[in-house]
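In the working numbering, the protein residues as written are 169 to 623.
All residues carry an ideal CB built from backbone N, CA and C; glycine is no exception.
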């Protein structure tokens, strides 16, 4: 007898079910590919407003190159999001956001200033970022929110770094004229002495070729922040009284501070008269790199990169453990509190943005150690983890850390911009027209208080 093995039959219902599942999986895969392709072909576009101008010199060019590199990396990692640039002047970008918001003109990610956050809070043009930051893991949040700069920006902005200022100087000029490059001025009296000694007519034509101490007194926020505030602080004064909410720069301390800068320009002639014109970058960084100054005060941590690019420091930017100042070096403010203005640029999201989630995703991508370590305009690291690295233990960076520790901020008033403009205008009138200091300061202070006192 022969036996024939019968194949076990599979119920038709099971066959149909398996075919349906396979078909569904294929459909889902196809739809996923199609969606990804659609996003890649029709991505969400967010705009990023910055103030870097390639015509403004080396520092701006370096920052533009960093932005382009960062955006390319972000878009590669996020194919559904494209980033376009918008531009505004550095001291107008905050006001543009406020004005455009009032006019119903939308923006997305914008660079923002901590000293203008009170004005933004009143205008309501920036999005509260609390809900986004709340999703960060605790270690991530603690790595960035340790610095006072955080409190000046958040919840309307996220800091990109710590900006502080020092006095930069030419070690080779010190050596050329018989000064020890490791011994620097520690108070205003010695600062004047050094500046007088280093001011030189190198070709004997009767004109100054090397100015002992560069400063800037243009129509800019930089004037009050870097060239008036440190000296009124030296004489125990203040720009604005938080209790009375009135300007206080015409005080005895303000008169002494103004007399100090007036004498630098008009009495000792160690600071050029043309410091009242042009931009902060032109008068400051560009002239220092061109050899115009032996010392320049108000030198920002955002300008460290150009020193490396010039070959005047080695292994400093990006920072290396062997980093060293060779031709150029820095020292902290030669004032009693050793304080310079300390702040940061931040990233904010305009409240009219149609893509706030994508905008914060871009911010989140930027404020990481691997991105900020070589961002020239970040200045000093806002991430605590970066300060523990050997790269930032060099003498050069420890001087900057000291400057940041002693740093002070600007008055917390919604009319800070108007205060800055008022002080700059007063100083320009005094320096250029040589009008009486006390009376002129009082005139400008009274004009400000008549309009803005109480806020």
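Assigned secondary structure, residue i (DSSP; H/G/I helix, E/B strand, else coil)
{"i": "residue 573", "result": "helix"}
{"i": "residue 290", "result": "helix"}
{"i": "residue 297", "result": "coil"}
{"i": "residue 273", "result": "coil"}
{"i": "residue 213", "result": "strand"}
{"i": "residue 411", "result": "coil"}
{"i": "residue 513", "result": "coil"}
{"i": "residue 351", "result": "coil"}
{"i": "residue 523", "result": "coil"}
{"i": "residue 362", "result": "helix"}
{"i": "residue 548", "result": "strand"}
{"i": "residue 238", "result": "helix"}
{"i": "residue 189", "result": "For residue 189, the pLDDT reaches just 44, beneath the cut-off of 50, and the residue's location in the model is therefore unreliable, leaving the point undetermined."}
{"i": "residue 578", "result": "coil"}
{"i": "residue 339", "result": "helix"}
{"i": "residue 246", "result": "coil"}
{"i": "residue 285", "result": "helix"}
{"i": "residue 628", "result": "The question about residue 628 has no answer, for the chain in this structure spans 169 to 623."}
{"i": "residue 430", "result": "helix"}
Inter-residue Cα distance where the pair is residue i and residue j
{"i": "residue 413", "j": "residue 621", "result": "6 Å"}
{"i": "residue 506", "j": "residue 500", "result": "6 Å"}
{"i": "residue 326", "j": "residue 318", "result": "7 Å"}
{"i": "residue 315", "j": "residue 516", "result": "18 Å"}
{"i": "residue 389", "j": "residue 426", "result": "16 Å"}
{"i": "residue 202", "j": "residue 211", "result": "Confidence is the limiting factor: at residue 202 the pLDDT is only 43, short of 50, which leaves the residue's position unreliable, though a coordinate-based value still follows. Answer to the nearest angstrom: the Cα atoms are 13 Å apart."}
{"i": "residue 254", "j": "residue 213", "result": "12 Å"}
{"i": "residue 356", "j": "residue 502", "result": "6 Å"}
{"i": "residue 252", "j": "residue 351", "result": "48 Å"}
{"i": "residue 421", "j": "residue 599", "result": "18 Å"}
{"i": "residue 195", "j": "residue 248", "result": "In this prediction, residue 195 has a pLDDT of 45, which is less than 50 and means its spatial position is unreliable; what the coordinates show is noted afterwards. Their Cα atoms are separated by approximately 21 Å."}
{"i": "residue 602", "j": "residue 477", "result": "39 Å"}
{"i": "residue 235", "j": "residue 219", "result": "11 Å"}
{"i": "residue 596", "j": "residue 605", "result": "11 Å"}
{"i": "residue 529", "j": "residue 229", "result": "25 Å"}
{"i": "residue 540", "j": "residue 379", "result": "34 Å"}
{"i": "residue 406", "j": "residue 354", "result": "21 Å"}
{"i": "residue 537", "j": "residue 555", "result": "11 Å"}
{"i": "residue 223", "j": "residue 232", "result": "11 Å"}
{"i": "residue 582", "j": "residue 298", "result": "22 Å"}
Residue environment, residue i, which counts as buried when at least 16 other CB atoms sit within 10 Å
{"i": "residue 377", "result": "exposed"}
{"i": "residue 395", "result": "buried"}
{"i": "residue 198", "result": "With a pLDDT of only 43 at residue 198, under the threshold of 50, the placement of this residue in the model should not be trusted; the figure read from the coordinates follows. Counting Cβ neighbours within 10 Å, residue 198 comes out exposed, since fewer than 16 surround it."}
{"i": "residue 227", "result": "buried"}
{"i": "residue 616", "result": "buried"}
{"i": "residue 544", "result": "buried"}
{"i": "residue 423", "result": "buried"}
{"i": "residue 580", "result": "exposed"}
{"i": "residue 391", "result": "buried"}
{"i": "residue 290", "result": "exposed"}
{"i": "residue 200", "result": "Here the model assigns residue 200 a pLDDT of 45, short of 50, so the residue's position is not dependable, and the following value carries that caveat. Under this definition residue 200 is an exposed residue."}
{"i": "residue 487", "result": "buried"}
{"i": "residue 262", "result": "buried"}
{"i": "residue 589", "result": "buried"}
{"i": "residue 303", "result": "exposed"}
{"i": "residue 619", "result": "exposed"}
{"i": "residue 442", "result": "exposed"}
{"i": "residue 559", "result": "buried"}
{"i": "residue 452", "result": "buried"}
{"i": "residue 497", "result": "buried"}
{"i": "residue 457", "result": "buried"}
{"i": "residue 504", "result": "exposed"}
{"i": "residue 369", "result": "exposed"}
{"i": "residue 372", "result": "exposed"}
Best match in the options for proximity to residue i [C-alpha to C-alpha]
{"i": "residue 494", "options": "434, 504, 343, 579", "result": "343"}
{"i": "residue 312", "options": "303, 328, 298", "result": "328"}
{"i": "residue 393", "options": "350, 281, 481", "result": "281"}
{"i": "residue 221", "options": "295, 432, 450", "result": "450"}
{"i": "residue 256", "options": "340, 283, 216", "result": "216"}
{"i": "residue 567", "options": "608, 586, 623, 491", "result": "491"}
{"i": "residue 399", "options": "387, 453, 465", "result": "465"}
{"i": "residue 366", "options": "397, 437, 324, 403", "result": "437"}
{"i": "residue 534", "options": "232, 238, 231", "result": "238"}
{"i": "residue 279", "options": "264, 611, 369", "result": "264"}
{"i": "residue 155", "options": "267, 345, 276, 416", "result": "Residue 155 lies beyond the stretch modelled for the chain, which goes from 169 to 623, so this question has no answer here."}
{"i": "residue 381", "options": "362, 271, 410", "result": "362"}
{"i": "residue 402", "options": "384, 416, 428", "result": "428"}
{"i": "residue 384", "options": "444, 372, 349, 410", "result": "444"}
{"i": "residue 553", "options": "397, 520, 308, 432", "result": "308"}
So does the stretch 449-464 actually touch the stretch 322-336, counting three or more Cβ pairs closer than 8 Å? yes
May I ask you to verify whether the stretch 470-479 touches the stretch 539-555, counting CB pairs closer than 8 Å and requiring at least 3? yes
Say whether the stretch 569-580 touches the stretch 508-524, bearing in mind that this needs 3 or more beta-carbon pairs closer than 8 Å, one atom from each stretch. yes
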